[in-house]
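Q:
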Amino acid sequence: MALADYFARDAIAISQVLQGFESNAFNARLQRVRVAVAFGEEAAASRDGRELLDLSVRLLARLYPSLILVNGAASDRFAGELMALADSINPNIDTSKTGTADVGLSIGLDAPALEIPTVYAGCDGWLARVGSGSPYGTSDLGNPFGAAFAACLAAANLFRFLFLPDGATLLDADASFPPDAASFPILTTSRVTDPLVLVGIGAVGNSASWALARTPLIGRIHLIDPQNVELSNLQRYVLCARSDEGRDKVNVVGKEFGGLLQALRHRGTWASFLETNGYKWERVMVALDSAADRRAVQGSLPHWIANAWTQLGDLGVSCHSFLGQDACLACLYLPSQESKNEDQVVAEGLRVPHLRDRIRVLLGTGRGSDKELCDAVATAWGISPMRLEPYEGRPIRELWVEGICGGGIISLGEAGHAPRELQVPLAFQSALAGVLLAAEAVRDVLADRPRRKTSVRRIDVLRPLCNPTPSPQPALKAGTRRCICEDHDFILAYQEKYDTPLPVPSYEVIST
Ligand SMILES: [Zn+2]
């Protein structure tokens, strides 16, 4: 058995959540971890049960070098499909149907019993059930969301059990998620009249697409991203196989659609998408990394926005309209002096701040690092240029992420912990954020009442879910008068675009 060849990225993610992380010891430990996934005929035969298993394998195969699939005799064929899926994600993985595991994931009521510590997962429509006491059933409703939430929460439980101090005490006892699932509309075959828009096909965009492609919605979805899949992405891109390295993100993910929801693929930035396709969009899902990119989407004034994030400490989703007292997306991401652009982070992290302009171009174009740049980095770190040769011609982000932050060139001990700016979530964290994002968009499509106010839902999956988990919280405008949603011209433009009745603002409108 062996770790995936993109493991360096996993190591960064884990180093950010484990105190005293030491990569060699951790690698040695992880090499020995064996995870069992048990299921019976019920989960293999139910639509939602199959989706729960599919996403679970997509998450687990990216980290664990050994998966044991324990299935009832009647579900052999599906077990074979899951093994093939795991192999496509990590060709080095060891999959088997027998053996002793350290911990198990059991899905459905009729899964074979595992005589080891076990996390149980099930789903019922929108609702996920995860716990450590007894099995849960799986629904057959064609609603992938409860299944997806359950897969992410179960993967989080396995991770906590295996790697966090006193992990056995950090398992969910009997958790349901989301707490307000009863208020979600019934997911039935429905036509989306205004196309959906998903900007950002990174880790969050991957799992949002995984969920959306499995809904019974009929219509179109625009997928927007300028980049190719890089090796370091595979650690948490649930729709990408190992063989997708180097391919267009929008094409890899676009292939997942093709049923009722048709994907329109746009390789480019948000700005280039707007130039070609116009500025009036009913519903935009934002799965972008930076505050500046999020502000740019809000500045283009979509009618409604859902935004997902992952950061150290929590992940979540927020939904925004633009008028009234509620926070717009830009309110939550107003510029602060501490935030740095990626090119600055990378240039300083590589210790070549004088080459920042060149690094910005390389980051933007995805072109490979040249010898001169690699030599400058080697000089700055006082190491032999030969150690950087493997990175010549490869994207600069890989040199930064794998080479420096991930221990490829400089050991994690030498480089210190990865800087805060480089926040690499674990696969289940990004996946949960993306599924939450897709769920909010689908709820908005199906809603039969006026749009809800701005709401922010936060969750920390490195600890057990609170019981009950907190419901989404409202968020008001920043009130700093620095945001575009307090700018008269933007308000007027929004009203003209969507023919919204004039609100009576309860704050003072300022003109620029
Ligand atoms: Zn605002």
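If you're matching positions, the sequence shown starts at 20 in the numbering used here and goes up one per residue. Glycine included, C-beta positions come from ideal geometry on N, C-alpha and C. Remember, it's a predicted structure, so these values are computed and weren't measured experimentally.
Is the beta carbon of S115 sitting closer than 9 Å to the one on I87?
A: Translated into the one-based positions of the sequence shown, residue 115 becomes position 96. Translated into the one-based positions of the sequence shown, residue 87 becomes position 68. Yes, Cβ-Cβ distance for S115 and I87 is below 9 Å.
Q: Straight-line CA distance for I478 to T329?
A: Taking the first residue of the sequence shown as position 1, residue 478 is located at position 459. Taking the first residue of the sequence shown as position 1, residue 329 is located at position 310. Whole-angstrom Cα-Cα distance: 10 Å.
Q: So E61 and G127 are supposed to be a Cβ contact under 8 Å. How far apart are they, rounded?
A: Residue numbering aside, residue 61 sits at position 42 when the sequence shown is read from its first letter. Residue numbering aside, residue 127 sits at position 108 when the sequence shown is read from its first letter. With 8 Å as the limit, E61 and G127 qualify as a contact, their Cβ atoms being about 4 Å apart.
Q: Just to confirm the assignment, what range does the beta strand (DSSP E) spanning T329 have?
A: The count along the sequence shown starts at 1 and reaches residue 329 at position 310. Its beta strand (DSSP E) spans residues W323 to Q330.
Q: Determine the direct distance from the alpha carbon of I423 to that of G278, and round the result to whole angstroms.
A: Taking the first residue of the sequence shown as position 1, residue 278 is located at position 259. Taking the first residue of the sequence shown as position 1, residue 423 is located at position 404. Rounded to whole angstroms, G278 to I423 spans 42 Å at the Cα level.
Q: Would you say A349 touches ligand 1, meaning its beta carbon is less than 8 Å from a heavy atom?
A: In the sequence shown, the residue the question calls residue 349 occupies position 330. Yes, Cβ of A349 sits closer than 8 Å to a heavy atom of ligand 1.
Q: Compute the Euclidean distance between the alpha carbons of F168 and R386, then round it to the nearest angstrom.
A: The residue you call residue 168 lines up with position 149 of the sequence shown. The residue you call residue 386 lines up with position 367 of the sequence shown. Distance between the alpha carbons of F168 and R386 is about 36 Å.
Q: Just the Cα atoms here: how many angstroms apart are Y410 and C393?
A: Numbered from its first residue, the sequence shown carries residue 410 at position 391. Numbered from its first residue, the sequence shown carries residue 393 at position 374. Distance between the alpha carbons of Y410 and C393: 8 Å.
Q: Just to confirm, is the Cβ distance from A310 to P354 under 9 Å?
A: The sequence position of residue 310 within the sequence shown is 291, counting from 1. The sequence position of residue 354 within the sequence shown is 335, counting from 1. Yes, Cβ-Cβ distance for A310 and P354 is below 9 Å.
Q: Please name the residue, chosen from I503, G453 and L189, that lies closest to V257 on a Cα-to-Cα basis.
A: The residue labelled residue 257 in the question sits at position 238 within the sequence shown. Minimum Cα distance to V257 is reached at G453.
Q: Tell me whether G118 is buried or exposed, calling it buried when 16 or more other Cβ atoms sit within 10 Å of its Cβ.
A: Position 99 of the sequence shown, counting from 1, holds the residue named residue 118. Classification of G118: exposed, given that the 10 Å Cβ count is below 16.
Q: What does DSSP give as the partner residues of Y517 in its beta bridges?
A: Residue mapping note: residue 517 aligns to position 498 of the sequence shown, counting from 1. The partner list for Y517 (beta bridge, DSSP) is empty, contrary to what the question assumes.
Q: Do I503 and ligand 1 come close, with the Cβ less than 8 Å from some heavy atom?
A: Within the sequence shown, the letter at position 484 stands for residue 503. The answer is yes for I503.
Q: How would you write the range of the beta strand (DSSP E) that F58 sits in, first residue to last?
A: By one-based count along the sequence shown, residue 58 stands at place 39. Its beta strand (DSSP E) spans residues V54 to F58.
Q: Check whether the stretch 145 to 159 and the stretch 442 to 451 are in contact - that is, three or more C-beta pairs closer than 8 Å.
A: Verdict: no, contact absent.
Q: For my contact list, D191 and V149 are in at a C-beta cut-off of 8 Å; report their separation, rounded to the angstrom.
A: For this step, residue 191 is matched to residue 172 along the sequence shown. For this step, residue 149 is matched to residue 130 along the sequence shown. So it is a contact: roughly 5 Å between Cβ atoms.
Q: Within 8 Å, do at least three Cβ pairs link the stretch 460 to 473 to the stretch 201 to 213?
A: The stretch 201 to 213 is in contact with the stretch 460 to 473.
Q: Hey, could you find the ends of the alpha helix (DSSP H) A167 is sitting in?
A: In the sequence shown, counting from the first residue as 1, residue 167 sits at position 148. First-last of the alpha helix (DSSP H) with A167: P163 to F182.
Q: I need the straight-line Cα distance from I5 to G318, nearest angstrom please.
A: Missing from the structure shown is residue 5; the chain here goes from 20 to 531 and no further.
Q: Excluding the five sequence neighbours on either side, which residues of its own chain have a C-beta within less than 7 Å of the C-beta of G435, listed in chain order?
A: Taking the sequence shown and counting its residues from 1, the one referred to as residue 435 is at position 416. Interpretation of G435 is limited by its pLDDT of 45, a score under 50 that renders its predicted location unreliable; the figure taken from the coordinates is listed afterwards. Cβ within range, chain order: n/a, list empty.
Q: Could you tell me the boundaries of the beta strand (DSSP E) in which V149 lies?
A: The sequence position of residue 149 within the sequence shown is 130, counting from 1. Where V149 is concerned, the enclosing beta strand (DSSP E) stretches over L146 to G150.
Q: Going along the chain, which unbroken runs of the alpha helix (DSSP H) with 4 or more residues stay wholly within the stretch 49 to 125?
A: As far as the stretch 49 to 125 is concerned, its whole alpha helix (DSSP H) runs of at least 4 residues are 60 to 64, 66 to 79 and 95 to 108.
Q: Taking A194 as part of the alpha helix (DSSP H), name the residues at either end of that continuous run.
A: Reading the sequence shown from its first residue, position 175 is the one you call residue 194. Unbroken run through A194 is the beta strand (DSSP E), D193 to F196; no alpha helix (DSSP H).
Q: Do P110 and A57 have their C-beta atoms within less than 9 Å of each other?
A: For the purposes of this step, residue 110 is taken as the residue at position 91 of the sequence shown. For the purposes of this step, residue 57 is taken as the residue at position 38 of the sequence shown. Cβ atoms of P110 and A57: not closer than 9 Å.
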